Structures are given as structure tokens and as C-alpha cells.
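Chains as they are written, first to last, in this note's numbering: chain A, 67 to 829; chain B, 1228 to 1569.
Just so it is clear, CB atoms sit at the ideal spot from N, CA and C, and this is done for glycine as well.
On a predicted model such as this, the values are computed, not experimentally measured, just so you know.
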């Protein structure tokens, strides 16, 4: 036995020494290229691939797409006949139906629009059924808010597409998931496609959708369906694979046919995973439907886009809140549905009691439909002084049917001014100004220029070297191939700018997210202990700031709103002792603080993080533009807050799941808090943290494309430009560039995390 | 078909796991050992097993984890397709059945109980028990009546509307048992049914199980890794190791004459007097019937202890259930067993 281990360790040694020399070679070659360039002796063809070497991928792809597309004018058969039939036939029919029901578009069945109050009432009942009063308040409140701020129609335009796209994505995803589970070859063929689909920038979904499926809601729906499908497929396959073998055997022994097995055994037993898939489908649909604004689909996204374009931050903010509320509601409801277990009734329970919630829901629906009908017969009372001013009850009754233009409670302009006031505060302005200057001049631009200076082959070598070092030879080869393809498309500089944005944002997010997560995971320990070492003191101080920042921010927001409403005329100094704003601020702070004081800190942070995770990505642009205007810092900032979420989540997760006996062993060995953290907890949490890091990078690649809206010079900008035309080939080439870079990171980091987990014996 | 034909009879059954087991088995020269097969990259789940189960008999297959006992029982019901040999159930070669015939067989003749219960989490107790009936298309009313009947049989009345997660382990296994009995199977497979339960519950369930078997008289294949459980329940025990049957015999004979060292290891710690019956230790009648009060063949030596010590005769007559004298028990031999020298 001993000789066997000797052999393997010997082999390991030999392999690792071979690895070291290969690494030395790779990095040495890269260094040589850099030195040559520095002294000006690098031939130009080694700096960037020469033009004659760049194949016309875009033309080839265009030719290919044209071929499979067919031509409707000349009558050449092709895919377009099928897709057009689908989009003009069944899909458009479904979209028209939901559009009629929800927003009152004049199409079959011509019975809509259903009044908002009836929908809100049903949502409340469903919320109560799934999650008690809190969920009822959330679901009802969301629709109430949406209607009263006057965004009902927009929201319904969005929801009418989701309510077609989500079920279709579910059905297609489920079917493909079942096929992938049943046939191994299909699964194997599917996985790389899904990996590419999940990293492909959404602009690349949009253009083919437009070309093959018409402009407007149909194209939007198609892009949304394709975008939302991959996780459904993966979750279905996973769930079916996880069904306990004994349950399967029990089904077989009961004499199930194949169809009975699937219908009565596999699918119900995989219920949890399938419903998690449903949750993801809904969330991705919402995220995507907002983004389809870029191809002109009406709804919340389009309005948000328009408002941000004209820098109307107040209205943007309100629409943002609506989107977030919808997202949180749909997310929480579907999650509650996942954990909801059927209840049993004793024998002899009457029918209406067994179906209590169905009866209640239908009842509420009918009652509110009736009320809405009556309400449309009374004048449109408003709360503002004027001809129609009514008391609050009159007002509420008169809006049950339609919220008339004059009746909505939107405070867009007011918030606009409030935000401007807030940003004009000296402290805030100085901070953002300084941050903008510092990040731009000292960090981002030098870093970008440095990356752009690096010769292409050196860049590829360094990336491949890292992949080799972290993961292995296979990953290094993949990295080299992928980046070489990117170089050969001729979009190298823009790709590097994309990469630079991603890396800067993720690194900055790590600087904030990891300390935050460490502090969170330290959970119940007192936040500030005077007995600890200086390092402990520092951690405690950081922690103190973190826990109070959300409270501080909330208080600041409330007081500045008040500040605005009372002192529009003269901008009274916020910090003067006579300013009531100061006291409002103090009082709000106290209330909020008392509310969350007893929450353990991990609950505070995880609640925020989990809620933030459900926000559609577009939302993150709002604060970025608000604080930094339109420039690189805003781009990096929006990516930063977007990526902060997975980084924090996974780091907390990793630290929490360190086996308790290991931390106890460290305690018993007399480790200080810091020693325990650095030599026990972090190393063991690292593989999980890497998964979070990976997700952060994927999120960043996604966000950086959206940030094209702010104005970037990277691939996203080019991609956005292609949306205006029919440049399908170019659109694809750009998309694939993004996808290949993202995949390189994905493959390398995941491999590293797996190796690490195996080495630590964690799974 | 007369009662003498075995219900299950398997001959030279092989089940190999690996890349291409059929070809590997066809090419095997002579019989290789478990380790040799493993060195070739295959796992011998079942290795050349020939065994028969008679009507109304309870065969217990005993072995440690990985010994192939669960694999063997899954070959009987063709949950696994065997690699070589043949298995006949009621005279029918099950490997020759079509998918539909197999489904019919399972729907009408076989029931199975699983170690971790294998209940469908989304169905109530009633629906779980009625599941096999539903699959074979019985109408709602009939299957409900039958399910309620079996639920009463296993003592779960009043829990019909519960979901599995609301029941204790013992109760869940009662549901599993009820489900397997719902179709009134002739053959009943139980795969370590009580292993996941606490010792006290396990004992209670074994008693319950014996009561049921007394009533139903099914043909049973019972899997366990617990030797005591095997001794307690079995008509015959098959002890498996590395996929092969080491010994297959009645509990008395296994305890008294372990065939291999491996079997002997299990029997070492056993109080033989509690296992061995008078009938098993008796010699056949040799023309003369000894005097004295006869002892029943089915009493254990342990139960005879007082009599053995106090009696003075060298030999005691042994009677079967009908009261006829069938053999002679040597008192000294019985005392040796009692003292643990047998």
C-alpha cells in the first residue's frame, strides 16, 4: 500500500514540476512580448492580428442566416415561413387575448380590460393562501400601488406578455428537460448550447427575434421565451434525476406504464425542482421583458427607457419601484408556492371549506368587478383642490374602476426635484465628484489604457496561463482558443474594453462585498468588542457602518423628501439646527433602527441581498445615473452594485457552511478570531466563494452590455447599434465575443472550485 | 400447477454491472472470483445464484451491505435485467416477458416494500395505498374500498388523509406495507423493510408482520442485514456475500452446521438454544419409541431447558403438530446445545 502512495505522489510531483515549467514558459513568453513592445521592437503583426488575417465572419454568418431564413418576397422556402406562421398565428393570438383581458386591446375576446381592483383582490387572496397576511399585503399592495401611481396600463402591457411568455417557456423548458433526462445524447448535445445561451448578451437574442418574428410584442415574447428557458430545462433534468430510486421502483412495482411513471411518479416527485424552475422562468421573463424595450416593445421597460433618456429621474424612480415590487411579488409568491405543502382535511369537511380559497378568490373577483362597474358611473373625484375634489372615501370609490389621468398619485416631478436637491447637498456632491474624478483618472482610465496597450498574443497567453494555473491544461487550451477566436473577429479593442469594465467592477465589488459578507457571517458575535485586537476593532467598525448604512440611507431619503415638500422655495440648509428636516431625519433613523435592531445582522444583510437579487438588472442603472451622470464611473458603479449581490450571498453561504467542528477545533487550538478567519474559515469557504465570484462575473458581462445605454465604447455599444438594422451576422459575431469571454471565466472558475472542493473533501 | 412447484426458481443467475456485461460473461473462462471480476472492471451484483422459493414459504436473504441481496430481489421482479441464467416465476421465464406482460405481472402478482418506504410525497396515505389499483385502472369507488380495507389491516385507520411527511417512520412503513398488499399479491418482496426504524419499533413491526403472514400466508422474499431478524422470521435463510449465496438452509441447520467460516462468524454470538428446535435436533425413529412425555417438534431447546435438566431418561420422543411421534431427541445432545457446546 505504501508503495502505491509513493508512486502516486511521485507522479504528482513530476506532473506539478511539468506544470511549473509550462507555466514559466507561458508567462515568460508573454513577458517577452511585453518587453519587446516596451522597447519598441515588437513587429506590428504581433501586436494586433493584421487585417488580412481576419476572416469575414459577419458576411459568412449573414449568408448562412439568409440561407436558412428563406425569402418571403421571392418565395424561397426557409425557416421564416415557420417562424412567421408561429408569430402571426398562435403566438399573436395568445398575446392579443391577454392584451385584451389585461389592458383592453380591441381584440378577441373583447371583454377586457379587467378592472385593476378585481385583479388586486384576487392577488391578495392568492397571497394570503400562499403566505399569510404578509404575502397578502405584498401582493395586494403591489397592484394597489401600480394602479394609484398611474402605471396600470404600462404594467399590464408588460404582464400580458409575461403571462404568455412564462407559460410557454415553462412548457418548452419542461419538455426539453424531460427529453434531456430521458436521452443522454440529447443532454450532452444540449449542455454546451445552454452554456452559450446563458452567456450570450441579450441584444443577441433581440435581433434574430425581430428578424424572424416581427417587431413588437411577438418578437419581445419570443426573445423572452428563449431567454427564460435554459434554467427551466436544467432544473427539470436535475429534479427528475434526483427522484429517489425507491420511489421509482415503487412506481414500477405498482405496474406503471411509461406514461404513468412520468405523469404520476417522476413529475410529482420532482415538484420542488420544477417549481424552482418556474420561479426562475418568471424572474427571467420579467427581467427580459423590461429589456425588450430596446426593440420597441411597449410597457414598463419602454417607459423607463424613455424617462431615463430624458433624465426624468423621479418618474424613472417610480417605474423602478413598480418593476421591483412586481418582481418581488412574483418571486415571493412563486417561492411560497414551492414550499407550500398540500393540507389534509378530515373526513366530512364540506365542499366550500375544502375549496375555501378558490371560493374566496372568485367571490372577491366578482364583487370587485361589480364595484368597478359602479365606480365608472360616478364622477372622477380627485384629492387635489379643484372642481372634482372629494373626500378620501369618494376618491377611493371613484378609482376602483379606472384610475383617471387626473387621479393618479404620481409624485414624479416632486421626487425629481427632491433627488436633485439631495444630490445638490454639498457633502453628496463633493463625494460623488471626488469619486468620479478619482476612479476615472486614477484607476479606470490608466487600467484601461494598460490593457489596451498589451499586445494581443501576450494577452491570450496570460489568460491561458491563468486558466492553466487555476484549472488545468484542458481549460488553458479552451481559454486560448476562445480568446484567439475573439481576436480573429477584429473586435479585439472593444472586447478588451468590455473585459476591463467587467474586471474593474468585479474587483471593486469584491473590496466591498467580501468584508461585508465576512462581517455578516460572523453573525451573533458582538459588533464592537473593546477587548479584541486592533484588527478585531477594525472589523467591528466596518460592521457598525454596514448595519447602519441602510438605516441611514432610509432616514436620509425620508427627510430629504420632507425637506423638499416643505422648503421648495428657499433651499434651507439641511444641517442647520433649526431645520425640521434634521429632526425628521433623526426620528426616522430612530424608528428604522428600532425596527431592525433586534434582527441578527445576517438577517438584515441577507434580506437586502435576496431582495436585490430579484430586481431586474435595468433597475441598477437608475442610482448609477443619478449619482454619477453619464460616464464610465456610472457604468462601473451599476455593474458593481449588481455584482455585489452574488458575491455577498455566496461568501456568506460559504462561511456559514464551514463545518462547526472545524471552527471548534480552531477555537480549541487557541486561534484568535482573525487567525480562525484566515486559516480555517476562508480557505474552506473559498470554493463556494469562487462560485459567487463566477456568478458575479457572469452578471457583470450581462450588465456591461445593458450599460451600453449609458454610453460605453465596448462591444455592447456596437451591439446596440446593430439593433437598428438587419446586421444579423455582425450582431452574432459581437454576441459570440461576449459569450466566449464569459465562458472562459465560467469554465475556469468552476473547474477550480470543483478541484478545490474535491481536494478539501467537501462534497 | 401443484403446490410442489416452486413459485420462484432461479438457476445460475448472474448480474454484472459494467461496460458490456453480457459479452464479458459470455467470454468468461471458468468461474472467476469476485475480486478477479472487479479487477476486470465489473461489479458482480449477483454471482451464479441458484435458489428456489416454495409456495407459502418465507425466504430471508441475509447479507451485509453490498453483498448483492437487494440486487437479487430486484432480479426476481425484473427491476434489474439479469446478465445470465434464468429466473422463472410460477413457471414463466420472466426475461422473456414483453413490457406489457411484465406490467401485468407486477399489477396482479407482486408486491414490494422498500427500505426507505418509497412513498409518493404528494399523495395522501389513502392515495398512496390505492396507487397500484389506480395504475391498473380500477374504478375510484372500488379502489377506495380496497385501500381502506388494507389500511385497517395495518392499523392506520383515521390517518387516511395524512401525507407521508406527517407520519412517523413506523407509520410510513405501514403505508408501504399496505400499498404492497393492496393488489393482493401472491408474491411479496420486502427489501429491508424495518432497517430504517428504531429498535423498539422494529420489534413491534416484526410482530405485526408475523401476525399478517399468519393471516395471509403469502410467498415471501424478505431481505435483511440483521441476522437476529432473519432467525426470527425465516423458514429458510440464504446468506449472501459478494453476490454469491454462501449457504441456504433452515435457521436450525445454519446455526448448527454453518457451511463456511463466513457464516460461522454470524452464528458464533448467537444463543443457539433459542433458535434450534427439538424437531431439527431429533433423530429419526429407529424402531422403538422412548418412554416419557413427548415434546413438540416446534419448541426450541431453550423452552425445553427445565425439562432437559430435570428429566432422567437419555432420550425423549418428539411429536409433530398432529401429535404423531416423528423422532427421538437425545437429551445429552440437547443439553450440549443449551450449554452452548453444540
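Starting from residue i, follow its DSSP beta bridges and name the residues at the other end.
i: residue 1504(B); result: 1527(B)
i: residue 1416(B); result: 1339(B), 1448(B)
i: residue 455(A); result: 448(A)
i: residue 1557(B); result: 1542(B)
i: residue 330(A); result: Answer is none; residue 330(A) lacks a bridge partner.
i: residue 518(A); result: Answer is none; residue 518(A) lacks a bridge partner.
i: residue 1271(B); result: 1243(B)
i: residue 1194(B); result: Residue 1194(B) is absent from the structure shown; chain B starts at 1228 and stops at 1569.
i: residue 143(A); result: DSSP output for residue 143(A) lists no bridge partner at all.
i: residue 1492(B); result: Its beta-bridge partners do not exist; DSSP assigns none.
Could you name the residues of chain A that residue i contacts, counting a contact when the two beta carbons are closer than 9 angstroms?
i: residue 1422(B); result: Simply none; closest approach about 12 angstroms.
i: residue 1362(B); result: 317, 320, 321, 322, 323, 326, 330
i: residue 1446(B); result: What residue 1446(B) touches in chain A: nothing, since even the nearest Cβ is about 15 angstroms away.
i: residue 1351(B); result: 408, 410
Suppose you measure from the CA of residue i to the CA of residue j; what does that come to, to the nearest Å?
i: residue 1375(B); j: residue 1409(B); result: 9 angstroms
i: residue 1500(B); j: residue 1535(B); result: 12 angstroms
i: residue 720(A); j: residue 815(A); result: 16 angstroms
i: residue 1555(B); j: residue 1445(B); result: 32 angstroms
i: residue 261(A); j: residue 812(A); result: 9 angstroms
i: residue 536(A); j: residue 756(A); result: 11 angstroms
i: residue 296(A); j: residue 682(A); result: 18 angstroms
i: residue 593(A); j: residue 668(A); result: The predicted position of residue 593(A) is uncertain, since its pLDDT is 40 and thus under 50; a value taken from the coordinates is nonetheless stated next. Approximately 12 angstroms between the Cα atoms of the pair.
i: residue 1344(B); j: residue 1420(B); result: 8 angstroms
i: residue 581(A); j: residue 725(A); result: 21 angstroms
i: residue 294(A); j: residue 239(A); result: 9 angstroms
i: residue 1279(B); j: residue 1527(B); result: 26 angstroms
i: residue 1518(B); j: residue 1537(B); result: 15 angstroms
i: residue 1350(B); j: residue 762(A); result: 40 angstroms
i: residue 1298(B); j: residue 1315(B); result: 16 angstroms
i: residue 586(A); j: residue 671(A); result: 7 angstroms
i: residue 728(A); j: residue 753(A); result: 16 angstroms
i: residue 563(A); j: residue 514(A); result: 7 angstroms
i: residue 1448(B); j: residue 1476(B); result: 14 angstroms
Note down, in chain order, every chain A residue with its Cβ under 7 angstroms from the Cβ of residue i.
i: residue 1348(B); result: 335
i: residue 1358(B); result: 320
Name the chain B residues that come within less than 9 angstroms of residue i, Cβ to Cβ?
i: residue 411(A); result: 1388
Show which residues of chain A have a CB atom less than 8 angstroms away from the CB atom of residue i.
i: residue 1343(B); result: 310, 312
i: residue 1330(B); result: 321, 322, 323
i: residue 1333(B); result: 318, 319, 320, 321
Just the chain B side, please: which residues come within less than 7 angstroms of residue i by C-beta, in chain order?
i: residue 402(A); result: Ordered by position in chain B, no residue passes the 7 angstroms Cβ test against residue 402(A), which lies about 17 angstroms from the chain.
Who are the neighbours of residue i on chain B, taking C-beta pairs under 8 angstroms?
i: residue 407(A); result: 1390, 1392
i: residue 315(A); result: 1301, 1306, 1339, 1341, 1345
For the ligand NAP, any of its heavy atoms closer than 7 angstroms to the Cβ of residue i?
i: residue 688(A); result: In the structure shown, the ligand NAP is absent, as is every other ligand, since no ligand is present at all.
Should the segment 795 to 810 of chain A be regarded as contacting the segment 550 to 569 of chain A, the criterion being three or more beta carbon pairs within less than 8 angstroms?
Yes, the segment 795 to 810 of chain A touches the segment 550 to 569 of chain A.
Quick one: which unbroken alpha helix (DSSP H) runs of 4-plus residues sit fully inside the segment 1306 to 1381 of chain B? Chain order, please.
Entirely contained in the segment 1306 to 1381 of chain B, the alpha helix (DSSP H) runs reaching 4 residues are, in chain order, 1326 to 1335, 1352 to 1362, 1367 to 1380.
Hey, is the segment 337 to 355 of chain A in contact with the segment 212 to 230 of chain A, meaning 3+ C-beta pairs nearer than 8 angstroms?
A contact exists between the segment 337 to 355 of chain A and the segment 212 to 230 of chain A.
Does the segment 1547 to 1561 of chain B touch the segment 1500 to 1512 of chain B, meaning 3 or more C-beta pairs lie closer than 8 angstroms?
yes
Go through the segment 277 to 315 of chain A residue by residue and report every complete run of the alpha helix (DSSP H) that reaches 4 residues or more, in order.
283 to 308
Using 8 angstroms as the threshold, is the segment 188 to 207 of chain A in touch with the segment 482 to 489 of chain A, meaning 3 or more CB pairs across them?
Per the Cβ contact rule, the segment 188 to 207 of chain A is not in contact with the segment 482 to 489 of chain A (fewer than 3 Cβ pairs under 8 angstroms).
Flag this pair as touching only if the segment 95 to 106 of chain A and the segment 766 to 776 of chain A have three or more C-beta atom pairs under 8 angstroms; answer yes or no.
no
Assess, as a yes-or-no matter, whether the segment 1238 to 1248 of chain B is touched by the segment 779 to 795 of chain A under the definition of 3 or more beta carbon pairs within less than 8 angstroms.
no
Alpha helix (DSSP H) segments (min. 4 residues) lying fully within the segment 344 to 409 of chain A
366 to 375, 379 to 405
Inspect the CB distances between the segment 452 to 472 of chain A and the segment 490 to 506 of chain A and report whether three or more fall short of 8 angstroms.
No, they do not touch.
Quick check for students: name the residue ranges of the alpha helix (DSSP H) that lie wholly in the segment 673 to 705 of chain A, counting only runs of 4 or more.
687 to 694
Quick check: the segment 519 to 533 of chain A against the segment 84 to 101 of chain A, are there 3 or more CB pairs under 8 angstroms?
yes
Determine contact between the segment 1320 to 1329 of chain B and the segment 1480 to 1495 of chain B, defined as no fewer than three beta-carbon pairs at a distance below 8 angstroms.
no
Assess contact between the segment 783 to 802 of chain A and the segment 263 to 276 of chain A, defined as three or more Cβ pairs (one per stretch) separated by less than 8 angstroms. Is contact present?
yes
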